[in-house]
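Residues in the sequence shown are numbered from 169 upward in steps of one, following the working numbering. Glycine is no exception: its CB is placed at the ideal position from the N, C-alpha and C atoms. Here the structure is a predicted model, which is why all the values come from computation and not from measurement. For reference, the structure discussed in these notes is given below.
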Amino acid sequence: MAPDLTIPDDLLPADGRFGCGPSKIRPEAVERLAEVASDLLGTSHRKPAVKGQVQRLQEGLSGLFGLPEGYEVLVTLGGATAFWDAAAFGLVEQRSRHYSFGEFSSKFAKATAAAPWLSDPDVVSAEPGTRPTASAAPADVDVQAFTHNETSTGVMQDPVRTDDALVLVDATSGAGGLPVDLTQTDVYYFSLQKGFASEGGLTVALVSPAAVQRIEAIAASDRYVPTFLDLSTALSNARQHQTYNTPSVSTVFLAAEQVDWMRATFGGLDGVVAAQREKAAHVYGWANDRAWASPFVTEDAARSLVVATIDLDDSVPADDVNAVLRANGVLDTDAYRKLGRNQLRIGMFPAVDAADLQAYTASVDWVVERLA
């Protein structure tokens, strides 16, 4: 059992939330939600008040990402898990290739493998902590599936177009914090409870004209697609600034608040990424300077700018460090459970202040010194 230690107040972060999802929601956004709640919550999602928030989110994301000409912002119910099933129904024609290098990057492959109307997927794997190399896929592959950020291991992978297949990118923990060239992608999709400081239950997809054409072609075929997972239905509703089913309006509002804040604070995605690089440099530099810590990801270019994984020496039990931190209000920096490493996993999403990350590492130093 970890000792009862009280970290000095002057070392503690002002906000102790460093989880990798759901992530910190800025208190200012929650206050804004409270101000408008009576006008939004409990009203129809097909009326102007709520549709206006969906449109606000769509237009904000278009501006943040500098959406290429012809790309559209689709908003649909269900998180990334639901979107994998939707993609298996509505985006993969015959066979998909998947780049698998951790828990979440492997799950889309499992979804397409379970689909009896599709051929078995082609899976290119890499060990946790590393990333696979993209290459041209076999001729029967019509979707290349990337994961922008592997949340379980803190590895990021740049999506690139290597052939004529559609490029689908699960960006759930990377969107809004990692650089991306959307012209290299056809469907860049993400939930909102990480980089966009909101809650779960919705997915946004930035879709290219080629992806729209694929969605419409499959919808016009004789393939059965459940209505909830029908991307053509989701797309037609998104063009009307609404979702097919009733959404969590607070989720839409909080995400729109975060996007507006990101644009006002950093200007655009390039500005956000520059700030993320500074935060990541602090955390990885701190780990490199400690005899008892080291970055789990050894390749500098593969180290995530939004999720840092830091291995600790066996003499420094991460469970004890995290127990003391949690008792002092510093939360959710446990390693991903299935990875099974003596490790800290630190969410560094845009809503997390750089000063709080500096206070976090100072607090860990204080705890480790006393545990020793």
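Compute the beta-carbon to beta-carbon distance between residue i and residue j, rounded to the nearest angstrom, for a pair I have assumed lies under 8 angstroms.
| i | j | result |
| --- | --- | --- |
| L350 | P236 | 5 angstroms |
| V328 | F269 | About 15 angstroms separates the two Cβ atoms, so there is no contact after all. |
| R391 | L259 | The Cβ separation is near 11 angstroms, so there is no contact. |
| P518 | G363 | 6 angstroms |
| V498 | G184 | 4 angstroms |
| D338 | A250 | About 12 angstroms separates the two Cβ atoms, so there is no contact after all. |
| T501 | N490 | 6 angstroms |
| F257 | H266 | Wrong, their Cβ atoms sit about 16 angstroms apart, outside the cutoff. |
| V451 | I514 | 6 angstroms |
| V335 | D308 | 17 angstroms between Cβ atoms; not a contact. |
| L374 | Y239 | 6 angstroms |
| I193 | L525 | Not confirmed; about 17 angstroms, so no contact. |
| S264 | A302 | Actually they are not in contact, since the Cβ atoms of S264 and A302 sit about 14 angstroms apart, beyond 8 angstroms. |
| G345 | L473 | 6 angstroms |
| T129 | Y357 | No information on residue 129 is available, as it lies outside the stretch 169 to 540 that the chain covers here. |
| G234 | G439 | The pair is not a contact, with the Cβ atoms about 12 angstroms apart (cut-off 8 angstroms). |
| G189 | V427 | Going by Cβ atoms, the distance from G189 to V427 rounds to 17 angstroms, so no, they are not a contact pair. |
| A283 | A305 | The Cβ separation is near 18 angstroms, so there is no contact. |
| E531 | L179 | For the record, residue 531 in the displayed sequence is Ser; it is not Glu. Correct: roughly 5 angstroms between the Cβ atoms. |
Applying the 10 Å Cβ sphere with the 16-neighbour rule, what's the burial state of residue i?
| i | result |
| --- | --- |
| E425 | buried |
| Q226 | buried |
| K506 | exposed |
| T414 | exposed |
| E318 | buried |
| M289 | Sequence inspection shows Pro at residue 289; the Met mentioned does not correspond to that position. Buried. |
| N405 | buried |
| S389 | exposed |
| P394 | exposed |
| N496 | buried |
| A365 | buried |
| S341 | buried |
| S191 | buried |
| A205 | exposed |
| E199 | exposed |
| A402 | buried |
| Q410 | buried |
| S483 | exposed |
| A343 | buried |
What did DSSP end up calling residue i once you bin it into helix, strand or coil?
| i | result |
| --- | --- |
| F186 | coil |
| L201 | helix |
| G345 | coil |
| N317 | strand |
| Y504 | coil |
| M516 | coil |
| R329 | coil |
| S400 | helix |
| F269 | coil |
| D338 | strand |
| Y412 | coil |
| Q511 | strand |
| V359 | Residue identity check: residue 359 is Ser in the sequence provided, not Val. If DSSP states are grouped into helix, strand and coil, S359 belongs with the strands. |
| V323 | strand |
| S531 | helix |
| S418 | helix |
| Q312 | strand |
So, for residue i: in the same chain, excluding its five sequence neighbours on each side, which residues have a beta-carbon less than 7 angstroms away from its beta-carbon?
| i | result |
| --- | --- |
| E384 | S400 |
| S230 | V241 |
| P485 | N510 |
| Q352 | P327, V328, R329, V335 |
| R299 | F269, V323, Q325, A470 |
| S287 | Q262, R263, D308 |
Looking only at its chain, what residues have a beta carbon closer than 6 angstroms to the beta carbon of residue i, apart from the 5 residues adjacent to it on each side?
| i | result |
| --- | --- |
| P347 | V441 |
| T529 | W454 |
| D253 | A279, L397 |
| V465 | G297, G322, V323, R471 |
| S376 | Y239, D354 |
Between residue i and the ligand FMN, is the CB less than 7 angstroms from at least one heavy atom?
| i | result |
| --- | --- |
| T211 | The ligand FMN is not part of the structure shown, which contains no ligands of any sort. |
Residues in its own chain within less than 8 angstroms of residue i by CB, not counting five upstream and five downstream?
| i | result |
| --- | --- |
| A217 | D207, L208, T211 |
| A522 | A443, E446, K447, H450 |
| E295 | F269 |
| S462 | A455, N456, I478, D479 |
| R431 | G228, G231, L232 |
Using a Cβ-Cβ cut-off of 8 angstroms, state whether residue i counts as contacting chain B.
| i | result |
| --- | --- |
| T315 | Looking at the structure shown, chain B is missing, and only one protein chain is on hand. |
Please list the segments of the beta strand (DSSP E) lying wholly inside the segment 364 to 396, counting only runs of 3 or more residues, in order along the chain. 370 to 375
Residue ranges of each alpha helix (DSSP H) run of no fewer than 4 residues wholly in the segment 444 to 500, ordered along the chain? 486 to 495
Going residue by residue through the segment 200 to 249, where are the continuous beta strand (DSSP E) segments of at least 3 residues, counting only ones entirely within it? 240 to 245
Counting only runs of 3+ residues fully inside the segment 272 to 309, write out the beta strand (DSSP E) ranges in chain order. 290 to 293
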